[in-house]
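S.K.:
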Amino acid sequence: MKALLCQAQQRVIFSFQRPQQLRWYTISPNEQILLLNNDKLWQIDVELERAVLQQTKDFSKTPLYWLVNKPDSIKNTPKFSHQEGDINWYLAVNTHSQPIEFGFIDGLLHTISLENELGQIVTILFEQLRVNPNIPAQTFELSVPKDFDIIK
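Take 6 as the starting number for the sequence shown in this note's numbering and just add one per residue.
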């Protein structure tokens, strides 16, 4: 998978498993990991040798919630927005965060588009997507070298 941010490219490995487990591993340009496991959100900066724990407040109020959880009702799922080429776009909106668009080709997630805090459009293109792979449980557990600073 490649992530495109304002024409700058990042190499990322993205894994998620329901319910509420996500690992966003940025390989380059700077090695970082975003790790969500239930209500614990870890931001790990390999270069700074630091892991910071952030308790997620109410994750259900974010547009990304439906991706890593089974929605409790249809009103909490993105709504079809439009078709652009082969991509069917769905828009997730709530009153607590920026809208986020999900693009699907043949029923598979292909693109995520969102606006960040700086007003920049971030487009994430998924390549080499595998559906329902067997992901080891430790993928979503914090594992850092002993010399890392752990900030809770």
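Think of the CB as a built atom: it goes at the ideal place given N, C-alpha and C, for glycine as much as any other residue.
Can you check DSSP and say which residues form a bridge with E89?
M.R.: The residue you call residue 89 lines up with position 84 of the sequence shown. Its beta-bridge partners are I92.
S.K.: Whole angstroms are fine: how far does the CA of F153 sit from the CA of K7?
M.R.: Taking the sequence shown and counting its residues from 1, one reaches residue 7 at position 2. Taking the sequence shown and counting its residues from 1, one reaches residue 153 at position 148. Because the pLDDT of K7 is 42, which lies under 50, any placement of that residue in the model is unreliable, and the number read from its coordinates should be weighed accordingly. In a straight line, the C-alpha of K7 is about 27 Å away from that of F153.
S.K.: I'd like to know whether the C-beta atoms of S118 and I110 end up nearer to each other than 9 Å.
M.R.: Working through the sequence shown from its first residue, we reach residue 118 at position 113. Working through the sequence shown from its first residue, we reach residue 110 at position 105. It is not a contact, given that the beta carbons lie outside the stated cut-off.
S.K.: So, are the CB atoms of N35 and F145 less than 9 Å apart?
M.R.: Within the sequence shown, numbered from 1, the residue matching residue 35 stands at position 30. Within the sequence shown, numbered from 1, the residue matching residue 145 stands at position 140. Against a cut-off of 9 Å, the Cβ pair of F145 and N35 comes out as no contact.
S.K.: One question on the structure: do L134 and L114 come within less than 9 Å of each other, judged by their Cβ atoms?
M.R.: Counting from one through the sequence shown, the residue named residue 134 turns up at place 129. Counting from one through the sequence shown, the residue named residue 114 turns up at place 109. Yes, the Cβ-Cβ distance between L134 and L114 is below 9 Å.
S.K.: For my contact list, Q48 and S33 are in at a C-beta cut-off of 8 Å; report their separation, rounded to the angstrom.
M.R.: Residue numbering aside, residue 48 sits at position 43 when the sequence shown is read from its first letter. Residue numbering aside, residue 33 sits at position 28 when the sequence shown is read from its first letter. At roughly 17 Å, the Cβ-Cβ gap does not stay under 8 Å, so Q48 and S33 are not in contact.
S.K.: Where DSSP assigns a beta bridge to V57, which residues make up the other side?
M.R.: As a first step, residue 57 is located in the sequence shown; it is residue number 52 there, counting from the start. Beta-bridge pairing links V57 to Q48, I156.
S.K.: Can K151 and L58 be called in contact, C-beta distance under 9 Å?
M.R.: Numbered from its first residue, the sequence shown carries residue 151 at position 146. Numbered from its first residue, the sequence shown carries residue 58 at position 53. Contact: no.
S.K.: Within its chain, find whatever has a CB closer than 7 Å to the CB of H87; leave out the 5 residues flanking it on each side and keep chain order.
M.R.: As a first step, residue 87 must be located in the sequence shown, where it is residue number 82. Within the same chain, H87 has close Cβ partners W94.
S.K.: Can you tell me which of the three DSSP states Q143 falls into?
M.R.: Here residue 143 corresponds to residue number 138 of the sequence shown, with the count starting at 1. Q143: helix per DSSP, three-state reduction.
S.K.: For P83, I'd like the list of residues in its chain whose CB is within less than 7 Å of its CB, leaving aside the five on either flank, ordered along the chain.
M.R.: As a first step, residue 83 is located in the sequence shown; it is residue number 78 there, counting from the start. The answer, listed in chain order, is W71, Y95, L96, A97, F107.
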